[in-house]
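Here the structure is laid out as structure tokens; the discussion comes afterwards.
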Amino acid sequence: MTKRPNLNSLTRTELADALAEHKQPAFRTDQVLDWLWKKRVRTIDEMTNLPAKLRQVLNEEFSMTPPSPVGVLKSSDTTQKALFKLKDGRYVESVLIPASQALYGEKSDRLTLCVSSQVGCAYGCKFCASGLAGFTRNLDPDEIAGQVVEVERATGQRVNNMVFMGMGEPLANIKNLLRALELITQPWGIGIGARHLTISTSGLVPQIKKLADHPQQIRLAISLHGATDEVRNKIMPVNKKWGVDELFDALHYWNERKKQRLTLEYILIQGINDSEKDAKILAQKAKGLGAKVNLIPYNTVEGLEWIRPSDDHCRRFKNILMNAGVTATLRTEKGHDIDAACGQLRLKKETEEGIIESPV
Ligand code: SAH
Ligand code: SF4
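Have a look at this one:
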């Protein structure tokens with residue numbers, strides 16, 4: 008069986024070309040886009056102002072398989088987690104983070120959605136639930152953008168900020184990611200401004216450079232978690248391929264091309280990366296880049312033995328950075344009680360259904 012392309016993975020140009028092949032008038036392109044991204048139908052048959060013949064042709068050539076929401080879990084701290092079932096029975100999740108939980112506690116109407124980019128992850132960071140069960144597959148562009156559409160549908164709220172920090176390594180799926188960025192940012196699509204999107208990566212150097220050359224002013228966050236090769240090699244296998252120096256070269260390249268400041272994400276793990284010396288090296292590196300640092304106390308993952316440092320210790324680490332003149336935030340945890348860290352809920356669901364073996 009040949010796989011029909013997804014209608015809602017097409018860019019405006021591709022859709023226009025496909026409709027032109029069927030001798031359709033030019034206005035049909037915007038009509039179809041309106042059904043897909045503004046009215047947000049889930050089937051071609053619902054596009055009632057298209058001629059029946061055209062609907063039939065579209066049904067023959069394309070498919071529509073948006074992610075189906077399985078449930079929305081509310082956390083006591085006001086984050087909400089949505090679990091989605093995909094066309095092949097796999098699961099991914101998104102986390103909705105309201106403004107009251109914003110990083111600096113400022114008042115704003117910001118509503119952030121954290122989306123997944125892959126089912127599982129091949130990068131195997133030693134502290135991460137998504138890495139535990141290995142990699143299953145890339146998400147298609149419509150599955151990435153569809154998380155926004157379906158969360159908005161389920162909650163009745165409008166997302167205006169996005170972070171690619173859910174399951175998966177977005178830069179390992181860069182082809183589909185770039186296409187999803189178009190669906191998300193263009194006015195004919197979801198229409199969230201590029202400056203409101205943050206891609207997070209564990210440090211894939213060639214793809215960071217590629218994204219740096221991308222014309223949109225998207226933001227980048229690096230999951231650094233160690234400022235030296237010694238520390239990063241212990242917890243992030245990706246560092247053996249691209250070490251800290253190479254990574255920072257790519258980040259300087261990024262800075263030359265983009266206006267927004269980089270963010271360095273740094274999980275604090277007791278006895279691994281949380282010493283005074285670690286803080287000083289991190290401060291120096293962050294300063295060199297003009298980057299801000301988000302500190303995240305390690306969130307316990309079942310089956311892993313890492314320990315989260317005390318709150319006092321985390322604050323002391325932060326103060327070393329601040330005293331060195333680096334902007335640093337200590338992220339209070341969001342959604343801890345609903346397993347909001349990377350991939351944990353999906354692992355539970357697939358384990359229950361016997362789709363994957365229990366990782367622990
Ligand atoms: N693969 C990308 C994006 C997804 S991970 C990346 O690594 O950047 C999203 C964030 O969750 C990363 O910063 C990751 O390091 C963090 N994370 C993973 N496991 C965690 C844990 N146990 N506690 C706290 N943060 C975790
Ligand atoms: Fe993959 Fe990111 Fe988790 Fe590492 S931290 S295993 S790159 S999802």
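Count along the sequence shown from 1, add 7, and you get the number used in the working numbering.
Where is the CB? At the ideal position from N, CA and C, for every residue including glycine.
Just so you know, these numbers come straight off a predicted model, no measurement behind them.
Quick one: what's got a C-beta closer than 8 Å to residue i's C-beta in the same chain, skipping five residues either side?
| i | result |
| --- | --- |
| E28 | none |
| N13 | F69, S70, M71, T72, D147, P148 and D149 |
| G200 | T192 |
| K217 | I181 |
| T415 | The displayed coordinates of the chain run from 8 to 367. Any statement about residue 415 would go beyond what the structure contains. |
Within its chain, find whatever has a CB closer than 6 Å to the CB of residue i; leave out the 5 residues flanking it on each side and keep chain order.
| i | result |
| --- | --- |
| G175 | S123, S124, Q125 and C128 |
| A331 | A290 |
| G141 | G127 |
| E272 | A228, S230 and N301 |
| R144 | V126 |
Could you tell me how far apart the beta carbons of residue i and residue j are, in whole angstroms, since I believe they sit closer than 8 Å?
| i | j | result |
| --- | --- | --- |
| W230 | T205 | Note that residue 230 is Ser in the sequence shown, not Trp. With 8 Å as the limit, S230 and T205 do not qualify as a contact, their Cβ atoms being about 12 Å apart. |
| M172 | I191 | Not really, about 15 Å apart at Cβ, beyond 8 Å. |
| K92 | V77 | 5 Å |
| K299 | A335 | 7 Å |
| I104 | V155 | Actually they are not in contact, since the Cβ atoms of I104 and V155 sit about 13 Å apart, beyond 8 Å. |
| R19 | L40 | 6 Å |
| V48 | T162 | Actually they do not touch by this definition, with Cβ atoms about 19 Å apart. |
| V166 | L118 | 5 Å |
Straight-line CA distance for residue i to residue j?
| i | j | result |
| --- | --- | --- |
| N180 | W249 | 18 Å |
| K81 | E100 | 13 Å |
| D149 | P74 | 8 Å |
| R322 | G96 | 43 Å |
| N183 | D318 | 39 Å |
| E45 | S16 | Before going on, a small fix: residue 45 reads as Lys here, not Glu. Distance between the alpha carbons of K45 and S16 is about 15 Å. |
| L188 | T307 | 32 Å |
| H232 | I303 | 9 Å |
| E372 | A59 | Since the first residue of the chain shown is 8 and the last is 367, residue 372 is not available in this structure. |
| Y305 | E53 | 46 Å |
| L269 | W42 | 36 Å |
| I288 | R160 | 45 Å |
| K247 | Q267 | 28 Å |
| L57 | Q87 | 37 Å |
| P255 | I274 | According to the sequence provided, residue 255 is Phe. The question's Pro does not apply to it. Their Cα atoms are separated by approximately 18 Å. |
Just checking: is the beta-carbon of residue i within a distance shorter than 8 Å of some beta-carbon in chain D?
| i | result |
| --- | --- |
| M174 | Within the model displayed, chain D is absent; a lone protein chain is all it includes. |
For residue i, name the three-state secondary structure that DSSP assigns.
| i | result |
| --- | --- |
| Q31 | coil |
| Y305 | coil |
| T235 | coil |
| E68 | helix |
| L90 | strand |
| F171 | strand |
| C3 | There is no way to answer for residue 3, as the model of the chain reaches only from 8 to 367. |
| L26 | helix |
| A335 | strand |
| L80 | strand |
| K265 | coil |
| R323 | helix |
| S230 | strand |
| I225 | coil |
| T208 | strand |
| P12 | coil |
| P123 | It should be noted that the sequence gives Ser, not Pro, for residue 123. In this structure, S123 counts as coil in the three-state DSSP scheme. |
| N369 | Coverage of the chain is limited to positions 8 through 367, which leaves residue 369 absent and any answer about it impossible. |
| K299 | strand |
| L254 | helix |
| T50 | coil |
| I242 | helix |
| I151 | helix |
| T20 | helix |
| I276 | coil |
| R186 | helix |
| E312 | coil |
| N330 | helix |
| R202 | helix |
| V158 | helix |
Looking at residue i: is its Cβ nearer than 8 Å to the Cβ of residue j?
| i | j | result |
| --- | --- | --- |
| P316 | D281 | yes |
| Q31 | L65 | no |
| W261 | L227 | yes |
| C132 | I279 | no |
| L178 | I151 | no |
| H259 | L296 | yes |
| P244 | Y130 | yes |
| V158 | L120 | yes |
| Q277 | I225 | no |
Leaving out the 5 sequence neighbours to the left and right, which residues in its chain are closer than 7 Å to residue i when beta-carbon positions are compared?
| i | result |
| --- | --- |
| E283 | I327 |
| M390 | There is no way to answer for residue 390, as the model of the chain reaches only from 8 to 367. |
| A219 | Y260, W261, R264 and K265 |
| D116 | A106 |
| T36 | R19, L22, A23 and L26 |
| H164 | The sequence shown places Gln at residue 164, not His. Contacts found: L118. |
Q) What residues come near the ligand MG, if near means a beta carbon less than 6 Å from any of its heavy atoms? A) No copy of the ligand MG appears in this structure; the ligands present are the ligand SAH and the ligand SF4.
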